[in-house]
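Heads up: the protein sequence lines correspond to chains U and E, in order. Under my numbering, the final residue of the first sequence carries the number 447; numbering is consecutive throughout. Under my numbering, the final residue of the second sequence carries the number 1447; numbering is consecutive throughout. Ideal Cβ positions, reconstructed from N, Cα and C, are used throughout, including at glycine. Since this is a predicted model, take the numbers as computed values, not measurements.
Number of protein chains: 2
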Amino acid sequence: MISNKNNTDLMEKIVSLAKRRGFIFPSSEIYGGFGSGYDYGPLGVELKNNIKKEWWREMIQIHDNIVGLDSSILMNPKVWEASGHLTAGFADFLVECKKCHKRFKGDEIKDKCPECGGSLTSPKKFNLMMKTFAGPVEEESSLVYLRAETTQGIYVNFKNVLNSMRLKIPFGIAQIGKAFRNEINPKNFIYRTREFEQMEMEWFCHPKEAPRYFEFWKEERMKWYQNLGIKKENLRIKEIPKEDLPHYAKQGADLEYKFPFGWGELEAIHNRGDWDLSNHSKHSGQDLGYLDPDTGKKYYPYIVETSAGVDRSVLAFLSEAYSEVKGGRTQTTKSTKEIEILLSLHKRLAPIKVAVLPLVRNKKELTQKAKEIYQDLKRHLRCQYDEVGSIGRRYRRQDEIGTLFAVTVDFETLEKNDVTVRDRDTMKQVRVPIVELLDFIKQKLED
Amino acid sequence: MISNKNNTDLMEKIVSLAKRRGFIFPSSEIYGGFGSGYDYGPLGVELKNNIKKEWWREMIQIHDNIVGLDSSILMNPKVWEASGHLTAGFADFLVECKKCHKRFKGDEIKDKCPECGGSLTSPKKFNLMMKTFAGPVEEESSLVYLRAETTQGIYVNFKNVLNSMRLKIPFGIAQIGKAFRNEINPKNFIYRTREFEQMEMEWFCHPKEAPRYFEFWKEERMKWYQNLGIKKENLRIKEIPKEDLPHYAKQGADLEYKFPFGWGELEAIHNRGDWDLSNHSKHSGQDLGYLDPDTGKKYYPYIVETSAGVDRSVLAFLSEAYSEVKGGRTQTTKSTKEIEILLSLHKRLAPIKVAVLPLVRNKKELTQKAKEIYQDLKRHLRCQYDEVGSIGRRYRRQDEIGTLFAVTVDFETLEKNDVTVRDRDTMKQVRVPIVELLDFIKQKLED
């Protein structure tokens, strides 16, 4: 097997596979693309949905005392005043060319415009929030922002959630949704884009408990990625030194993954102190303090946040799963120079669980039987039916997209009512009676 | 039981329940709200996710030949030139007050400004697309739009999906996602908002087959709502007369629901002809025609579209499920004047499947046993544990949010290792051994 981690063009290979097999396409491609935008194709949306589902299940269903939320992308602009996004650090320093008026990151270039050679202004702050106008009058009063993070929607709903769900500190609110940042340099495929999706969980706790929960959540999140198939050595926690912390944080750490282009942030964990609730109290005039029913004391809960990127997770899981085998992983590859791709996605993440394949397509008894089995299975599992090409070719096609099991209907099936089930990872084949097939696969998926 | 359909304040009751029990909150409420925005609370997001999951399962998993997609909200602006959104009918006629510069719908007022009495301009077109700026230069060239419908992302990905998934006509592409329209009059709670979510499926077929599929999909979509608990008499199909069709459509119909405020569109079904693929071919210079592998002939497939509103579906399912019982549905209600709310959501849509309740909270043996059962069940099902208040009060609390089963741990449990399972709809209680509890409930959920 070819080791990928030192493979400098691994990124290119993933981008290529992603497009060829329907995971990820460049956005608006027929119009020459659009900035850094990407669209998730039929298999990509399934992979992404499976990741989100696993995160949601872990947070909301398995953990106690965490509830979900889905707040709007467009909010009252006062939210962003209170959060500090419009004023404080949420900006890049840019220089503008006096001649062609293009802007560039101030720390990246000197003196002369790289486009036209014109002279540059001194660096100015450029806010990363994207704006739009709501309502029929295009005035300052109707200026609103596309949220730059989902979490502000959680803070402004703190009291509504607390009261309607009758919660007690400590508890968490989790949310998945789109966010937008006008990045100057979108890069590395779906790693940094202007439109992206977040999975954020805000844990409200007593101030004294925040440092303990900061440690707790770092560990929990590390475990989550590992439980879904990411190797320990490809993950690390980078503690953020005090002097580098953002304005809202008391403690911070990046959970990093070893992407094909190097170590990069997959998720950030912060102890945000009482920054959010106290600031929103001040700006809104509403008291967002918490009255402890046991002690009768009131305080602003501290918040420990876990903020993960959905798109970055997709890229991490794809990178981790991708491998190539030179000279034929399957016995049917004729040339020993041929390279076979295996996408060994975790069983809970694989977009397609089972492929149903008639051994040959020109025997109606086989295709009919295979279609019957497919129709039965697909009510319970994500399945694909494929009859085009040699059986070896079809196995390889399924390996490329990470399909867990290939069910082959052959001539023996017609006599004995059993099928061959091939395991993606071991390539071992066993014969299973058709009546037991669904339970057999379900059991394997749950093991 | 009180009939709701003639109840003029039903809408108010739903809004009130939605806020009180964590389904739907006004957006940015601590800052005085934000236009027509709403946020989905802990139970609302579960209900909404269940609706989306059911739609996705029906479209992608159960139907053959439909695949999913998740395209970006921000796209190349040329997409919206080709679609006609920037030029043709996608606009409202507004008049502007010459004095205060406020704008109003042209067909709603006459002569004088209703705000300040000033005189008005003649009606001008006001486009409904919301715009923003992408990239560091705030110029015309970086002007982009928030998508006004998800479907355009499907058309521009037509070829990528076709090729990567090796599909043959007829096939469908389905997508769920946010869209934005700068509505002048957002109204009726989550029925009409500026930010909303769509579930759209585009069915690509031979032109001759389009009228047949137009009929097919109307029926399929009617069935879907009914299978999830909406009564037939609260649904209707309104055919759109030829002269009222939008510019892109050859045939059109609204699938309407009898909302508390009257009949309203829940979903639109259109035969869009070859409008989309031929226009995107023309504007992009890319050939989006389909080469039939059997006949060797090339043509633009016709598109039959089913376009449903997620938020409208939430409102329809909530309205349908809401009922009140005066004088005590449960035996424990003391006053016969008390009104009990029942939310009889379909079992696949109910946010919480099971509540686990110790009979009383001051017996540690009971609460401990109940917590054990809760911990077991929650790995498989969405559960809630509740020990606060009388058992009758807790039943009513669960009925209000549509919880299907209430599992009560009482003193008999400690002796016989069984529990009481109460059915939300029949209120019948049966005793079930703890070891069989999970299977018992699973079976009920699948029946």
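- With distances taken between CA atoms, His101(U) lies nearest to Leu120(U) out of Leu120(U), Lys347(U), Lys242(U).
- For the region 123-134 of chain U, the set of positions with a beta-carbon nearer than 8 Å to some beta-carbon of chain E reads Phe126, Met130, Lys131, Thr132, Phe133, Ala134 in chain order.
- For Asp1092(E), the enclosing beta strand (DSSP E) starts and ends at 1091-1096.
- Nearest to Glu1412(E) by C-alpha distance, out of Arg1394(E), Thr1403(E), Leu1359(E), is Leu1359(E).
- For Leu1342(E), the CB contacts under 6 Å within the same chain, skipping 5 residues up- and downstream, are Ser1323, Asp1399 in chain order.
- Short of 7 Å from the beta carbon of Phe158(U), and not among the five residues preceding or following it, lie these beta carbons of its own chain, in chain order: Leu277, Leu288.
- Restricted to the region 242-327 of chain U, the beta strand (DSSP E) segments that are unbroken, complete and at least 3 residues in length are 251-259, 262-271, 302-309, 322-326, listed in chain order.
- With the criterion set as a beta carbon lying under 8 Å from some beta carbon of chain U, the members of the region 1147-1166 of chain E are Gly1153, Val1156, Asn1157, Lys1159, Asn1160, Val1161, Ser1164, Met1165, Arg1166, in sequence order.
- Taking C-beta separations shorter than 6 Å and ignoring five residues to either side along the sequence, the partners of Gly22(U) in its chain run Gly41, Pro42, Leu43, following chain order.
- Around the beta carbon of Lys1250(E), 16 or more other beta carbons sit within 10 angstroms, so the residue counts as buried.
- Between the region 68-76 of chain U and the region 1022-1038 of chain E there are three or more C-beta pairs closer than 8 Å, enough to call the two in contact.
- In chain order, Phe1171 place their CB closer than 6 Å to the CB of Asn1065(E), counting only its own chain and leaving out the 5 sequence neighbours on each side.
- Looking at Tyr302(U), Val435(U), Gly135(U), Arg221(U), the one whose alpha-carbon comes closest to that of Glu58(U) is Arg221(U).
- Between Thr193(U) and the set Glu267(U), Ser36(U), Trp263(U), His346(U), the nearest pair of CA atoms involves Ser36(U).
- Residue environment for Cys1097(E): buried (at least 16 other C-beta atoms within 10 angstroms of its C-beta).
- Counting along the chain, the unbroken beta strand (DSSP E) around Gly172(U) starts and ends at 171-180.
- Under the 8 Å Cβ criterion, the region 223-240 of chain U does not count as touching the region 188-202 of chain U, having fewer than three qualifying pairs.
- DSSP places Ala1370(E) outside any beta strand (DSSP E); the residue lies instead in the alpha helix (DSSP H), whose first and last residues are 1364-1377.
- Among the bridge pairs identified by DSSP, Thr420(U) is matched with Thr408(U), Arg431(U).
- Residues are counted here when their Cβ sits less than 7 Å from a Cβ of chain U; for the region 1240-1274 of chain E the count is zero.
- Here the alpha carbon of Leu1404(E) sits roughly 15 Å from the alpha carbon of Tyr1374(E).
- The beta-carbon distance between Ile1190(E) and Leu1315(E), rounded to whole angstroms, is 5 Å. This is short enough to meet the 8 Å contact definition.
- In the DSSP assignment, Ser164(U) forms no beta bridge with any residue.
- Membership of Pro1026(E) in the beta strand (DSSP E) is indicated by the continuous run 1024-1026.
- In the three-state DSSP reduction, Pro186(U) falls in the coil class, being neither helix nor strand.
- When beta bridges are read from the DSSP output, Ser1071(E) appears opposite no residue.
- Here Gln1175(E) is buried: its Cβ has 16 or more other Cβ atoms, across all protein chains shown, within 10 Å.
- Counting every other CB atom within 10 Å of its CB across the protein chains shown gives His380(U) a total below 16, marking it as exposed.
- Burial check for Cys205(U): the Cβ neighbour count within 10 Å reaches 16 or more, so the residue is buried.
- Interface flag for Phe1204(E) against chain U is unset, since no Cβ pair is found closer than 8 Å.
- DSSP, read as helix, strand or coil, puts Arg212(U) in helix.
- Per DSSP, Thr193(U) lies in no alpha helix (DSSP H) segment and is marked neither H nor E.
- Using a Cβ distance threshold of 8 Å, Leu146(U) and Phe126(U) do not count as a contacting pair.
- Bridge pairing for Gln198(U): Gly177(U), Gly309(U) [DSSP].
- Against chain U, the CB of Lys1078(E) has a partner CB under 8 Å away; the residue lies at that interface.
- Cβ neighbours of Trp275(U) within its own chain (closer than 7 Å, five residues either side excluded): Tyr248.
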